[in-house]
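Before any comments, here is the structure.
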Amino acid sequence: MALSQEAFIYLAVSVFCFIFCFLSWRRRLVKSAWELCVLTMMTGFWAFTLFCESVAQSVEIKLLWVKVSYAFVTTTPVFYLLFVLKFTDISALKYWYHQLFLFAVPIVTILLTWTNDQHQLVWTGWDPLETTNELIHFHRGLWFWIGVMLNSYILLMASTWLMVVFLRKRRDVFGTGRTILLLIGALAPWLTSVLFFVGINHSMTALITPIMILFTCAIYILGILYAGFYNFLPMARELLVENLPDGIVALDRLDRIQDINAMARIQLGYSPTSTGSIDLKALKSPYHSLAAALLTPDTCEWVQHGSGMSVRTYQLIKMPIQTSAGCRIVIIRDVTEQKQAEKAILEAKEKAEASDRLKLAFLANMSHEIRTPMNSILGFVSLMLDEGVDEAEQRTYLTIVKQNSERLLGTLNDVLDLSRIEAGQVTVSPSDFNLMDVLNNVVSLYSKQAEDKQLTFLHRCEIPVNLSYIHTDKEKLFSILSNLVSNALKFTAKGSVELTCALSARRLVITVKDTGTGISVEKQSHIFERFVQGDTSHNRPYEGSGLGLAITKSYVDMLKGNLSLESTAGEGSVFRVSLPVKQAQSLSKQIT
44 MALSQEAFIY
54 LAVSVFCFIF
64 CFLSWRRRLV
74 KSAWELCVLT
84 MMTGFWAFTL
94 FCESVAQSVE
104 IKLLWVKVSY
114 AFVTTTPVFY
124 LLFVLKFTDI
134 SALKYWYHQL
144 FLFAVPIVTI
154 LLTWTNDQHQ
164 LVWTGWDPLE
174 TTNELIHFHR
184 GLWFWIGVML
194 NSYILLMAST
204 WLMVVFLRKR
214 RDVFGTGRTI
224 LLLIGALAPW
234 LTSVLFFVGI
244 NHSMTALITP
254 IMILFTCAIY
264 ILGILYAGFY
274 NFLPMARELL
284 VENLPDGIVA
294 LDRLDRIQDI
304 NAMARIQLGY
314 SPTSTGSIDL
324 KALKSPYHSL
334 AAALLTPDTC
344 EWVQHGSGMS
354 VRTYQLIKMP
364 IQTSAGCRIV
374 IIRDVTEQKQ
384 AEKAILEAKE
394 KAEASDRLKL
404 AFLANMSHEI
414 RTPMNSILGF
424 VSLMLDEGVD
434 EAEQRTYLTI
444 VKQNSERLLG
454 TLNDVLDLSR
464 IEAGQVTVSP
474 SDFNLMDVLN
484 NVVSLYSKQA
494 EDKQLTFLHR
504 CEIPVNLSYI
514 HTDKEKLFSI
524 LSNLVSNALK
534 FTAKGSVELT
544 CALSARRLVI
554 TVKDTGTGIS
564 VEKQSHIFER
574 FVQGDTSHNR
584 PYEGSGLGLA
594 ITKSYVDMLK
604 GNLSLESTAG
614 EGSVFRVSLP
624 VKQAQSLSKQ
634 IT
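And the structure:
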């Protein structure tokens with residue numbers, strides 16, 4: 044059996060379609076390649092059914108292949124639309140269950156085709172065949188015009204319109220010549236409609252239709268997937284600019300925005316996907332200051348907008364376009380985090396330098412606190428070794444030696460305690476004890492010092508006897524009380540020092556109030572820090588290492604308590620400690 048010219052063309056179209064299908068499958072990871080693969084495969088099957096119909100020798104077999112072909116005739120426009128949606132990055136119908144709606148009419152058409160003998164909605168009859176090599180020329184039924192022609196035209200029109208709009212927007216990417224060629228590929232399937240409506244015979248229309256679809260697929264496959272059909276660099280450049288973390292604005296000589304990327308829209312208070320024009324001179328607060336900075340002739344400028352935590356810092360880099368006088372590109376770079384980092388580094392540097400200064404002052408103070416009592420001790424010991432010193436003078440000298448030895452020992456103990464705290468060697472050791480015992484020890488320890496300075500030392504405990512047994516670290520509590528009372532007595536020249544204790548909401552509240560020199564406001568926030576003293580001069584009237592309050596604050600923190608200060612320079616200070624405590628288990632003990 045010799046093949047007719049039409050049958051040979053159908054077969055060739057089918058083979059080429061399957062070749063293009065294979066080529067698309069090899070590039071299936073490229074965007075829209077998989078959709079092209081399916082489209083060319085369906086077109087290949089369509090052309091193959093036309094080939095089989097043309098070579099069939101009986102009407103019955105030809106009708107069988109016609110019914111098979113409707114599965115591809117009706118679905119090919121659907122797959123073409125799906126390809127266009129993918130190629131143009133349109134998110135509509137991106138889920139498979141949405142795409143199923145497009146196949147509703149083709150499925151109904153296929154079912155009606157196979158049952159046409161019962162209703163004749165697809166065709167009502169056909170013309171007699173002149174030769175066995177020609178296709179059947181049907182008398183079309185109502186559903187053919189609705190389910191096949193109308194549905195196919197709607198899908199084809201949607202696909203063509205989307206492709207034309209996409210190419211028009213990207214004509215600068217594809218170039219004029221290539222855009223025209225792609226438009227030809229997109230419009231090629233419409234040639235079949237022209238031939239159909241001008242009255243070209245059915246065989247010619249059936250021959251041209253798959254060829255036009257093949258032509259369209261060939262342009263897309265060879266161009267998009269293999270031949271680098273369009274220059275991807277402009278598209279890549281556009282994609283890069285659109286996704287930059289910096290805002291990009293192109294201004295003409297009249298300060299009108301000619302182009303702007305998504306980040307710049309956000310920085311100016313717009314949605315990144317908004318398409319409307321932006322008038323920089325009409326922007327309102329808080330974006331007007333940034334817009335005003337865009338319009339200044341300065342090539343680099345810093346500007347902030349917003350308030351509080353919303354303040355942002357921008358660097359404006361302005362570059363003139365050499366080929367267009369007055370036109371320029373402005374890069375809006377958000378450098379807020381950079382400025383914050385620079386500020387943090389500067390603050391850390393200043394803090395480190397301040398710490399170094401404090402350490403130097405501390406070392407100088409320690410030298411003074413150690414050398415002064417040592418010199419005093421050595422001096423009076425030398426005097427005692429002289430002949431002619433009576434017993435009364437020796438007693439006076441020994442008293443001075445004892446006082447300076449205690450001062451030196453206290454300084455060394457403070458340094459050692461602070462070193463152990465810094466090294467993390469100090470732990471909390473809670474125990475049951477009577478709070479009154481600790482208070483009495485502190486009072487007896489400092490009563491003589493208060494008496495010598497002619498100060499009134501008031502002390503009272505507002506805790507009932509049956510609640511005076513508590514569970515906490517006894518040594519650290521004693522150190523806290525001792526340091527606060529000692530500090531108050533040291534800086535009080537006249538007046539009184541008052542120590543009170545109370546229980547409030549399972550917390551032990553200790554208050555030490557004095558009428559001493561007080562602490563200035565600017566020094567109150569640093570008074571508990573290490574190496575900080577109210578007066579760092581060597582001729583200050585008060586001796587001491589200045590570590591007592593730092594050690595006290597560390598112990599309070601270790602006991603999970605709070606230490607606060609209220610003070611007015613020249614009037615006195617109030618130190619208040621609040622510590623969480625538990626009642627001791629041995630409540631039945633009697634206070635002696």
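The sequence shown runs contiguously to residue 635 in this note's numbering.
Yeah, the Cβ is synthetic: ideal placement off N, Cα and C, and Gly gets one too.
Over what stretch of residues does the alpha helix (DSSP H) that includes Leu107 continue unbroken? Counted from its first residue, the sequence shown places residue 107 at position 64. Per DSSP, Leu107 belongs to the alpha helix (DSSP H) from Val102 to Val116.
Out of curiosity, what's the CA-to-CA distance linking Asp170 and Ile197? For the purposes of this step, residue 170 is taken as the residue at position 127 of the sequence shown. For the purposes of this step, residue 197 is taken as the residue at position 154 of the sequence shown. Computed Cα separation, rounded: 29 Å.
Rounded to whole angstroms, what's the CA-CA distance from Phe37 to Thr86? Just pull it up for me. Limits of the chain in this structure are 44 at one end and 635 at the other, which puts residue 37 out of reach.
What does the Cβ neighbour count give for Ile570, buried or exposed, with the cut at 16 atoms within 10 Å? Sequence index remark: in the sequence shown, residue 570 carries index 527 (1-based). By the 10 Å Cβ count, Ile570 comes out buried.
I think Val481 touches Leu428, with their Cβ atoms under 8 Å apart; what is that distance to the nearest whole Å? Taking the first residue of the sequence shown as position 1, residue 481 is located at position 438. Taking the first residue of the sequence shown as position 1, residue 428 is located at position 385. Not really, about 42 Å apart at Cβ, beyond 8 Å.
Hey, could you find the ends of the alpha helix (DSSP H) Phe130 is sitting in? If you number the sequence shown from 1, residue 130 lands on position 87. Note, Phe130: alpha helix (DSSP H), Thr119 to Phe130.
Whether or not the stretch 306 to 325 and the stretch 390 to 405 are in contact is what I'm after, with contact meaning three or more pairs of Cβ atoms, one per stretch, closer than 8 Å; do they touch? no
Cβ neighbour criterion (16 or more within 10 Å) applied to Leu337: For the purposes of this step, residue 337 is taken as residue 294 along the sequence shown, with counting starting at 1. The residue in question, Leu337, is buried, as its Cβ has 16 or more Cβ neighbours within 10 Å.
In this structure, how does DSSP classify Asn530 when only helix, strand and coil are distinguished? Locating residue 530 in the sequence shown gives position 487, counting from the first residue. Asn530: helix per DSSP, three-state reduction.
Continuous alpha helix (DSSP H) stretch holding Phe88: start and end: The count along the sequence shown starts at 1 and reaches residue 88 at position 45. Unbroken alpha helix (DSSP H) run through Phe88: Ala76 to Val98.
Give the DSSP bridge partners of Tyr512, in chain order. Numbered from 1 along the sequence shown, position 469 holds the residue referred to as residue 512. Bridge partners of Tyr512: Asn477.
Could you check if Asn582 is buried or exposed, using at least 16 other CB atoms within 10 Å of its CB as the buried criterion? In the sequence shown, residue 582 corresponds to position 539, counting from 1. Summary for Asn582: the model assigns pLDDT 47, below 50, so the residue's position carries little reliability; its value from the coordinates is reported in the next sentence. With fewer than 16 other Cβ atoms within 10 Å, it is exposed.
Sort out for me which residues DSSP pairs Leu542 with in a bridge. For the purposes of this step, residue 542 is identified with residue 499 of the sequence shown, where counting begins at 1. DSSP, once it has assigned bridges, lists His502 and Val555 as partnering Leu542.
Let me know the secondary structure DSSP gives Phe521 once reduced to three states. Taking the first residue of the sequence shown as 1, we reach residue 521 at position 478. The DSSP-derived three-state label of Phe521 is helix.
Beta-carbon contacts of Asn636 that lie in its chain and below 6 Å, excluding the five residues immediately before and after: Outside the shown range of the chain, which is 44 to 635, sits residue 636, and nothing can be said about it.
Taking the Cβ atom as the reference point for each residue, do Asn526 and Thr595 lie within a distance shorter than 8 Å? Locating residue 526 in the sequence shown gives position 483, where the first residue counts as 1. Locating residue 595 in the sequence shown gives position 552, where the first residue counts as 1. Yes, these two residues count as a Cβ contact at 8 Å.
If you reduce the DSSP assignment to three classes, tell me which class Pro232 lands in. Counting from one through the sequence shown, the residue named residue 232 turns up at place 189. Coil at Pro232, not helix or strand.
In whole angstroms, what separates the C-alpha of Leu136 from that of Ala368? In the sequence shown, counting from the first residue as 1, residue 136 sits at position 93. In the sequence shown, counting from the first residue as 1, residue 368 sits at position 325. Whole-angstrom Cα-Cα distance: 46 Å.
Contact the stretch 89 to 101 vs the stretch 47 to 67: 3+ CB pairs below 8 Å: The answer is yes - the stretch 47 to 67 touches the stretch 89 to 101, with three or more Cβ pairs under 8 Å.
contact_flag[the stretch 468 to 476, the stretch 505 to 515] where n(CB pairs < 8 Å) is 3 or more: yes
Taking all protein chains shown into account, do 16 or more other C-beta atoms lie within 10 angstroms of the C-beta of Ser39, making it buried, or fewer, making it exposed? Given that the chain is displayed from residue 44 to residue 635, the structure contains no residue 39 and the question cannot be resolved.
So is Gly467 buried or exposed if we call it buried at 16+ other beta carbons inside 10 Å? Mapped onto the sequence shown, residue 467 falls at position 424. It counts as exposed.
Would you decide whether Ala407 is buried or exposed? Buried here means 16 or more other CB atoms lie within 10 Å of its CB. Working through the sequence shown from its first residue, we reach residue 407 at position 364. Its Cβ having fewer than 16 others within 10 Å, Ala407 is exposed.
Look up Phe146 in the DSSP assignment and give the residues it is bridged to. Counting from one through the sequence shown, the residue named residue 146 turns up at place 103. None; Phe146 has no bridge partner.
Output yes or no for whether 8 Å exceeds the beta carbon distance between Tyr357 and Ile372. Numbered from its first residue, the sequence shown carries residue 357 at position 314. Numbered from its first residue, the sequence shown carries residue 372 at position 329. In this structure, Ile372 does not lie closer than 8 Å to Tyr357 by Cβ.
Could you give the first and the last residue of the continuous beta strand (DSSP E) run that contains Val207? By one-based count along the sequence shown, residue 207 stands at place 164. Not the beta strand (DSSP E): Val207 falls in the alpha helix (DSSP H), residues Asn194 to Lys212.
Leu542 burial status per 10 Å Cβ neighbour count (16 or more: buried): The count along the sequence shown starts at 1 and reaches residue 542 at position 499. Per the 10 Å Cβ criterion, buried.
Assign Lys491 to one of three DSSP states: helix, strand, or coil. Position 448 of the sequence shown holds residue 491. Secondary structure at Lys491: helix, using DSSP grouped into helix, strand and coil.
Pairing CB atoms from the stretch 545 to 559 with CB atoms from the stretch 601 to 620, are three or more of them under 8 Å? yes
Does the structure place the stretch 57 to 68 close enough to the stretch 257 to 266 that three or more beta carbon pairs sit under 8 Å? yes
Assuming Tyr598 contacts Lys496 (C-beta within less than 8 Å), just tell me the rounded distance between them. Numbered from its first residue, the sequence shown carries residue 598 at position 555. Numbered from its first residue, the sequence shown carries residue 496 at position 453. About 26 Å separates the two Cβ atoms, so there is no contact after all.
In whole angstroms, give me the CA-to-CA distance for Ala593 and Glu609. Counting from 1 along the sequence shown, the entry for residue 593 is found at position 550. Counting from 1 along the sequence shown, the entry for residue 609 is found at position 566. In a straight line, the C-alpha of Ala593 is about 17 Å away from that of Glu609.
Span separating the alpha-carbon of Ser13 from that of Glu449: Nothing about residue 13 can be read from this structure; the chain reaches only from 44 to 635.
What do you get for Lys603, buried or exposed, if any count of 16 or more other CB atoms within 10 angstroms of its CB means buried? Taking the first residue of the sequence shown as position 1, residue 603 is located at position 560. Exposed.
When DSSP labels each residue in this structure, what does Gln628 get in the three-state scheme? In the sequence shown, the residue the question calls residue 628 occupies position 585. The answer is coil: DSSP assigns Gln628 none of H, G, I, E or B.
What first and last residue would you give for the alpha helix (DSSP H) that runs through Gln446? Position 403 of the sequence shown, counted from the start, is the residue given in the question as residue 446. It spans Glu434 to Glu465 - the alpha helix (DSSP H) in which Gln446 sits, taken as one unbroken run.
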